[in-house]
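Here is the structure we will look at.
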Amino acid sequence: MSDLAAFQALPLVLLGAGGHAKVVLSLVRAAGLALHGVCDPALARQGVAQWRGLPVLGGDEALDALAPSAVALANGIGQLAQGTLRRDVYERLARRGFRFPALVHPQAWVDPSAVLADGVQVMAGAVVQADCRVGENTIVNTRASLDHDCLIGAHVHVAPGACLCGTVSVGDGAFVGAGATVLPNLTLGERAVVAAGATLARSLPADAHHLPHRSGPRAGHSQDNPQDLNR
Ligand SMILES: CC(=O)SCCNC(=O)CCNC(=O)[C@H](O)C(C)(C)COP(=O)(O)OP(=O)(O)OC[C@H]1O[C@@H](n2cnc3c(N)ncnc32)[C@H](O)[C@@H]1OP(=O)(O)O
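In our numbering, the protein residues as written are 482 to 712.
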């Protein structure tokens with residue numbers, strides 16, 4: 482068996498037991514992959530022995546008893562705009578030699594020419610089109626789509642229902658909110674944030690935020706100042 486096949490056959494340890502972890506667990510089960518257990522400090526503190534049918538192995542320290550050659554990891558920590566916990570945990574454990582296989586829900590479409598790095602998660606209903614490249618630990622969440630030739634960095638979250646048109650480049654750590662649309666050929670810098678529901682029509686520099694345009698006045702904001710209405 483090749484190194485890659487051996488790593489893909491390892492049973493998975495799920496990290497975290499919050500909302501994102503539930504969705505990762507659902508993917509792993511739908512894909513028929515083997516599971517070893519879940520690590521979650523809160524469940525361990527509460528003395529919980531089983532979570533959604535999985536043995537609770539303990540908190541972070543439980544991984545000290547496991548060899549990177551014996552298990553692979555599935556990152557169940559979610560990522561909100563500007564959050565770093567998911568990335569920190571991934572990088573710390575990857576440095577210790579643990580591998581995170583790319584996980585693709587059986588009801589997602591990933592074109593065979595697309596390249597997914599370790600730790601990428603493609604959730605149910607998502608689409609990754611031809612010649613996309615997706616960097617480590619990135620989430621392509623439920624029903625999100627990356628059209629042809631998108632180049633997505635590491636630790637990015639493309640939230641549920643977001644749509645990236647063709648040839649969009651996204652820097653490491655960026656966040657594209659639920660239902661947002663990014664027009665073709667644009668670039669988002671590292672850690673840039675596109676708000677849920679926004680349409681991005683110009684490239685966004687590193688660390689910049691893009692909020693949706695407002696169509697009407699809001700309490701406490703002047704109707705004469707368009708900036709108040711279009712923050
Ligand atoms: C499975 C899952 O659920 S994955 C999670 C996916 N989550 C998302 O997609 C959420 C993405 N987050 C957003 O869009 C956020 O609102 C952010 C990160 C862009 C901005 O967050 P903050 O800077 O905290 O903005 P804050 O919440 O203080 O809002 C500031 C104002 O902008 C408005 N606003 C913020 N984001 C949006 C938005 N996406 N659409 C419309 N209005 C918005 C707020 O209502 C608020 O208006 P107000 O001043 O009239 O009260």
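By construction, the Cβ of each residue, glycine as well, lies at the ideal position given by its N, Cα and C atoms.
What span of residues does the beta strand (DSSP E) with residue i cover, start to end?
{"i": "Val649", "result": "From DSSP, Val649 is part of no beta strand (DSSP E); its letter is neither H nor E."}
{"i": "Pro549", "result": "No beta strand (DSSP E) holds Pro549; DSSP gives it neither H nor E."}
{"i": "Val494", "result": "Leu493 to Leu496"}
{"i": "Val537", "result": "Leu535 to Gly539"}
{"i": "Ala553", "result": "Ala553 to Asn556"}
Whose C-beta lies closer than 8 Å to the C-beta of residue i among residues of the same chain, with five residues either side of it excluded?
{"i": "Arg580", "result": "Phe488, Leu491, Pro549, Ala553, Leu554 and Asp599"}
{"i": "Asp612", "result": "Asp592, Ser594, Ala595, His629 and Asp630"}
With burial defined as no fewer than 16 other Cβ atoms inside 10 Å of the residue's Cβ, what is the status of residue i: buried or exposed?
{"i": "Leu493", "result": "buried"}
{"i": "Leu569", "result": "According to the sequence provided, residue 569 is Asp. The question's Leu does not apply to it. The residue is exposed, with fewer than 16 neighbouring Cβ atoms inside 10 Å."}
{"i": "Arg683", "result": "exposed"}
{"i": "Ala512", "result": "exposed"}
{"i": "Pro707", "result": "The predicted model places Pro707 with a pLDDT of 33, which falls under 50 and marks its position as unreliable, so this point remains unresolved."}
{"i": "Gly578", "result": "exposed"}
{"i": "Thr565", "result": "exposed"}
Got a sec, what are the start and stop residues for the alpha helix (DSSP H) residue i sits in?
{"i": "Pro522", "result": "Pro522 to Arg526"}
{"i": "Val505", "result": "Gly500 to Ala511"}
Using C-beta distances below 6 Å, list every residue in its chain close to residue i, excluding the 5 sequence neighbours before and after it, in chain order.
{"i": "Leu597", "result": "Ala583 and Val615"}
{"i": "Val649", "result": "Cys631, Val663 and Leu667"}
{"i": "Gln560", "result": "Arg567 and His638"}
{"i": "Leu524", "result": "Ala498, Trp532 and Val537"}
{"i": "Gly534", "result": "none"}
{"i": "Asp653", "result": "Gly634, Ala635, His636 and Glu671"}
Can you list, in chain order, the residues of its chain with a C-beta nearer than 7 Å to that of residue i? Leave out the 5 residues immediately preceding and following it.
{"i": "Gly660", "result": "Gly642, Ala643, Ala677 and Gly678"}
{"i": "Gly539", "result": "Cys520 and Ala525"}
Return the bridge partner residues of residue i from the DSSP annotation.
{"i": "Thr565", "result": "Its beta-bridge partners do not exist; DSSP assigns none."}
{"i": "Gly518", "result": "Val494"}
{"i": "Leu632", "result": "Arg614 and Ser650"}
{"i": "Gln531", "result": "Pro536"}
Problem set entry | Entirely enclosed beta strand (DSSP E) segments - the stretch 569-628, minimum 3 residues | none
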